[in-house]
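Here's the structure we're looking at; comments come further down.
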Amino acid sequence: MRLLIIRYFPLVMLAALWEFAARAAKGSFTLPSLVDISIAWFELVKSGELLTNGADSIYRAFAGLALAVVIGTMLGVFMALSRSANILISPLVELFYPLPKSALIPITVIWLGFGDASKILLIFLGCMLPVTIGAYNGARSTEQFLLWSASSMGAGHMRMMRDVVFPSALPELLNGIRTALALSFILLVTSELIASRKGFGYLIGLYGSGGIYDAMFATVLTVAFLGFFADRGFQMVTQRAMSWRE
Amino acid sequence: MSSQAQIVVEGVSHYYRPPRGREVLALSNVSLEVYEREFVALLGPSGCGKSTLLYLIGGFLPIERGSIRVEGGEVLSPGPDRGIVFQHFALFPWKTVLGNVSYGLQLAGFSGEERTSRAHKFIDLVGLSGFEHSYPSQLSGGMKQRAAIARTLAFDPKILLMDEPFGALDSQTRSLMQSELLGIWRSSPKTVIFVTHDVQEAVYLAKRVVVMSARPGCIKSIIDTDFDKSSPDHFKSPEFIEKVDEIWNLVREEALLAQGAKSGASQP
Chain A
128 MRLLIIRYFP
138 LVMLAALWEF
148 AARAAKGSFT
158 LPSLVDISIA
168 WFELVKSGEL
178 LTNGADSIYR
188 AFAGLALAVV
198 IGTMLGVFMA
208 LSRSANILIS
218 PLVELFYPLP
228 KSALIPITVI
238 WLGFGDASKI
248 LLIFLGCMLP
258 VTIGAYNGAR
268 STEQFLLWSA
278 SSMGAGHMRM
288 MRDVVFPSAL
298 PELLNGIRTA
308 LALSFILLVT
318 SELIASRKGF
328 GYLIGLYGSG
338 GIYDAMFATV
348 LTVAFLGFFA
358 DRGFQMVTQR
368 AMSWRE
Chain B
50 MSSQAQIVVE
60 GVSHYYRPPR
70 GREVLALSNV
80 SLEVYEREFV
90 ALLGPSGCGK
100 STLLYLIGGF
110 LPIERGSIRV
120 EGGEVLSPGP
130 DRGIVFQHFA
140 LFPWKTVLGN
150 VSYGLQLAGF
160 SGEERTSRAH
170 KFIDLVGLSG
180 FEHSYPSQLS
190 GGMKQRAAIA
200 RTLAFDPKIL
210 LMDEPFGALD
220 SQTRSLMQSE
230 LLGIWRSSPK
240 TVIFVTHDVQ
250 EAVYLAKRVV
260 VMSARPGCIK
270 SIIDTDFDKS
280 SPDHFKSPEF
290 IEKVDEIWNL
300 VREEALLAQG
310 AKSGASQP
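Chains as they are written, first to last, in the working numbering: chain A, 128 to 373; chain B, 50 to 317.
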């Protein structure tokens, strides 16, 4: 408990500083006080606005990320195992990797409209590459002697994939997924801000342009905390899965 | 010992192809017969292709020229009739000792209960009781190799291929493991092919020592080392010293050759 307090002391400092600045700039609405933001947050929850929009956003992020993890993992492992797949796919990965995925927002909207599908596609496209690269590097790091051991015990190709290649790839893969998780939040809010009628990003844009800054900040902070807890939770799962490491 | 050899290596040559650079003839026209329940050591300087020969018998590398037959059948791929123990253990780091030892049994189709009791039996045999639920990262080098040996013995291969299994261990652990391996082999003899560059280890463990020469690797001579080594003082017995000396001279020539000392090429 004491450790926790010490660890998050900078956050408390920041909050105090914020409150001080907000009170000093009384009359300016662009920096609402934390008290006002909290009140706005409870009202947003009570009206159900935050929860319905939040549910939409979480569904989009989760669906896009889940697709990216499943397809990205398969693609990465496939590239690591098959030379021809590597030759075929890696130029595409190299070309697509540095492209800012937010540049695809207009395209996904033209293709799939303002609803869930365009957001899911965007998040999928943006999150797939870090997962693919993680799975690829991980699977390639599989030790030859482990494969030989398994095959001498009678493991076939599918068994070796499941029992040796996949666990060998797991540490790098989980790293890639962690990056993808952070990216999914970025792409979600950006795309909702630009072209959506629901979701966190939509709310932020709506309150921002309407001048209701305490509600806007309340939504921004909600997203920030959700991102934080998602990352924490993911790290806990990772530690669990990697407990065999020293 | 049956008159028919269990493992027949005939005219095997093998090229090593590095990702960059020229191909190297790693093995040149090697022929060897190993009999059932025989303990044979492959001895030679590093780079003589002794591990390559072992991997070929294991079925891990493709046989390009010549043939290898095990009990009459061509070796085409690895199989549970030939268990292998590697120098760096090759334990699954994400499985516990019990998980590692059980894995081969699971593949062999042992049911849950049978699998666990058999795994425990072999963990016991190598003296790792109490460490069943440890991960390899929590074990010392010697304990890791004990676990690897238990894993291989558990699925009961007819042939045990050992690739410098004690090469990564400190000398005290190594001599302890040598006598324990010999004890296990005496109580339930299997065919063992044991790769090493340690002359004393080869003479102590094996019934026959196959001395290999370097670049290209081929068999220089096969020395019979089947004499009584049961006394704790066997290291001091004249037979032991004589054999070690004889083999050491053969190996030294090869080591010198491998170092590029051409003047030593003519036989004394």
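We put the CB at the ideal spot given by N, CA and C, even for glycine. Computed from a predicted structure; not experimentally measured.
- The C-beta separation of Ala196 of chain B from Leu140 of chain B comes to about 6 Å, placing the pair in contact by the 8 Å criterion.
- Taking the C-beta atoms as reference points, Val220 of chain A is found nearer than 8 Å to Thr259 of chain A.
- Per DSSP, reduced to three states, the secondary structure at Leu76 of chain B is strand.
- In this structure, Pro159 of chain A and Ala149 of chain A form a Cβ contact; the two beta carbons are roughly 6 Å apart against a cut-off of 8 Å.
- Under the Cβ distance rule, Ser186 of chain B counts among the residues neighbouring chain A, one pair being separated by less than 8 Å.
- At a C-beta separation below 9 Å, Ala157 of chain B has these neighbours in chain A: Met280, Gly281.
- Interface annotation for the stretch 259–273 of chain A against chain B: Glu270, Phe272, Leu273, criterion Cβ-Cβ distance under 8 Å.
- Residue contact check for Ile208 of chain B against chain A: no CB pair falls below 8 Å.
- Put simply, the stretch 168–184 of chain B does not touch the stretch 205–218 of chain B. Fewer than three CB pairs are less than 8 Å apart.
- The stretch 240–252 of chain A makes contact with the stretch 191–211 of chain A; the number of CB pairs closer than 8 Å reaches 3 or more.
- Residues of chain B with a Cβ closer than 7 Å to the Cβ of Ser217 of chain A do not exist; the shortest Cβ-Cβ separation is about 17 Å.
- By the criterion of a C-beta distance shorter than 6 Å, Ile132 of chain A is surrounded by no residue of its chain, once the five residues flanking it on both sides are discounted.
- Flagged as an interface residue toward chain A: Gly128 of chain B, by a C-beta distance shorter than 8 Å.
- Residues of the same chain with a CB within less than 8 Å of the CB of Gly354 of chain A, apart from the 5 flanking positions on each side, are Ala309, Phe312 in chain order.
- Relative to the Cα of Met343 of chain A, the nearest Cα in the group A:Thr157, A:Ala230, A:Lys173, A:Ile304 belongs to A:Thr157.
- For Arg289 of chain A, none of the residues of chain B pass the 8 Å Cβ criterion, the least Cβ distance being about 12 Å.
- Taking one beta carbon from each stretch, the stretch 186–203 of chain B and the stretch 317–337 of chain A have fewer than 3 pairs nearer than 8 Å; the two do not touch.
- With a threshold of 8 Å between beta carbons, Ile106 of chain B makes no contact with chain A.
- By the Cβ-count criterion, Asn298 of chain B is exposed, with fewer than 16 other Cβ atoms from all chains shown falling within 10 Å of its own Cβ.
- The Cβ atoms of Thr145 of chain B and Ser186 of chain B lie no closer than 8 Å to each other.
- Using a C-beta cut-off of 8 Å, the stretch 278–296 of chain A makes contact with the stretch 120–135 of chain B, since at least three inter-stretch Cβ pairs fall below that distance.
- In the structure shown, the three-state DSSP call for Thr145 of chain B is coil.
- Per the C-alpha coordinates, the member of B:Ser237, B:Leu76, B:Tyr253 positioned closest to Ala90 of chain B is B:Tyr253.
- Under the Cβ criterion of 8 Å, Ser276 of chain A is counted among the residues facing chain B.
- Approximately 14 Å separates the beta-carbon atoms of Tyr263 of chain A and Ala307 of chain A; this is outside 8 Å, ruling out the contact.
- Only buried fits Thr349 of chain A, as 16 or more other CB atoms lie within 10 angstroms of its CB.
- Taken in chain order, the members of the stretch 111–142 of chain B whose beta-carbon sits within less than 7 Å of a beta-carbon on chain A are Pro127, Gly128, Pro129, Arg131, Gly132, Ile133, Phe135, His137, Ala139, Phe141, Pro142.
- If only complete runs of 4 or more residues are kept, the stretch 149–210 of chain A shows the alpha helix (DSSP H) at 161–174, 176–208, in order along the chain.
- In this structure, the beta-carbon distance from Leu314 of chain A to Ala368 of chain A does not fall below 8 Å.
- Where Leu231 of chain A is concerned, there is no enclosing beta strand (DSSP E), because DSSP gives it neither an H nor an E.
- DSSP places Glu82 of chain B within a strand segment (E or B) once states are collapsed to three.
- Residues of chain B with a Cβ closer than 7 Å to the Cβ of Arg372 of chain A are, in chain order, Ser186.
- Against chain B, the CB of Pro159 of chain A has no partner CB under 8 Å away; the residue lies outside that interface.
- Contact between the stretch 82–97 of chain B and the stretch 354–365 of chain A is absent, with fewer than three C-beta pairs closer than 8 Å.
- For a cut-off of 8 Å, the C-beta gap from Val61 of chain B to Gly115 of chain B is around 4 Å, short enough to register as a contact.
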